[in-house]
Ligand code: SF4
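Numbering (this note's numbering), first residue to last: 1 to 345.
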């Protein structure tokens, strides 16, 4: 006889947990207590939920589990970044990268196993899409990082810039955003959560209508449609202008800006003319620009940009009045570009 599979309670909202305990004949507030234990106190064993009776703890443990992704391997970079390869229940692997920073650390999490977008400069893009992550698997990454002691500080910003296109997994991503940002749970302000898209215009417009709107980052990477369509096939469907129109209509309160990510690929998109065209495209948008010098990967056929061209690119954008940052290739020694660790396996 096989033991019936226990249902994982990670990923359930407070309302869902209240309903679940009521179906067990318990008062609804027990669900609120369980919710608080999981997300606010990071208690992941029923037997340690001291505000529940011993009999309820036993009943819960018999029917349910609190399962997070498990650590498959990790690499620590000299700059303090920690790249974790996590294993899911079905054996699929995802990546999660912890990046220590001066003011507040960042955890970069995945939203899919693989990715259907197929950007030519990205290791994950070569995998194709294997499957969407569930809300439990998305929220399970920061819960794992905070509860496992793998990262030195449990308070961090969240960026969905790991494996996958978050807006292709909209419902699960938004449920995870609500769980992460709920003041009664993990309490990570929606201003500290960033969803990064390769340019899914319909998704950007849908995101703009959500009750909780996280920060938006757009992976732009080119200043003209021909180059962008070569680098990011999604651009054949949604051209740069359509994408920027959706960005112009994205709701932002006074001090919030849209982050535009631009991976500089040597000889492809890193010329001074590219920088000037980019400035013209973004004129009038509340934009912050993050430049990333491409992380070398011998399998992808691009070259690292020359430091002088990277510097000039940045200066041109700054001269045009844009807040422009050159992101250090954090964890370059541990293969920090997305998909590289999972592909190595
Ligand atoms: S860069 Fe992002 S959207 Fe493009 S293939 Fe990689 S994971 Fe997918």
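Backbone N, C-alpha and C fix where the C-beta goes; we use that ideal spot for every residue, glycine too.
Residue 273 is classed as exposed because its beta carbon has fewer than 16 other beta carbons within 10 Å across all chains shown.
For residue 228, the enclosing alpha helix (DSSP H) has its first and last residue at 225 to 231. DSSP, reduced to helix, strand and coil, places residue 110 outside both helices and strands of the structure shown, so it counts as coil. In this structure, residue 202 lies away from residue 164, with their beta-carbon atoms at least 8 Å apart. With fewer than 16 other Cβ atoms inside 10 Å of its own Cβ, residue 296 counts as exposed. If only uninterrupted alpha helix (DSSP H) runs of at least 4 residues are considered, those enclosed by the segment 236 to 274 are 240 to 248.
Ranked by how close their Cα comes to the Cα of residue 160, the residues 184, 154, 192 have 192 in first place.
Taking 7 Å as the cut-off, the C-beta of residue 194 does not count as close to any heavy atom of ligand 1.
Ligand 1 has no heavy atom closer than 7 Å to the beta-carbon of residue 96. For the pair of segments examined, the segment 210 to 221 was found to touch the segment 251 to 262: the number of CB pairs separated by less than 8 Å reaches three. In the DSSP assignment, the residues bridged to residue 156 are 105. Under DSSP, the beta-bridge partners assigned to residue 98 are 82, 107. Within the chosen limit of 7 Å, ligand 1 reaches the beta carbon of residue 117 through at least one heavy atom. As computed with DSSP, residue 215 is found in a beta bridge with 194.
The Cβ neighbour count for residue 7, taken over all protein chains shown within 10 Å, is under 16; the residue is labelled exposed. Taking the Cβ atoms as the reference, residue 239 lies roughly 40 Å from residue 146, outside the contact range of under 8 Å. Residue burial annotation: residue 228 is buried, with at least 16 other C-beta atoms found within 10 angstroms of its C-beta. For residue 227, the shortest separation between its Cβ and any heavy atom of ligand 1 does not lie below 7 Å.
For residue 160, the distance from the CB to the nearest heavy atom of ligand 1 is not below 7 Å. Around the Cβ of residue 270, a 10 Å sphere holds 16 or more other Cβ atoms; the residue is buried. Under the three-state reduction of DSSP output, residue 34 falls in the helix class.
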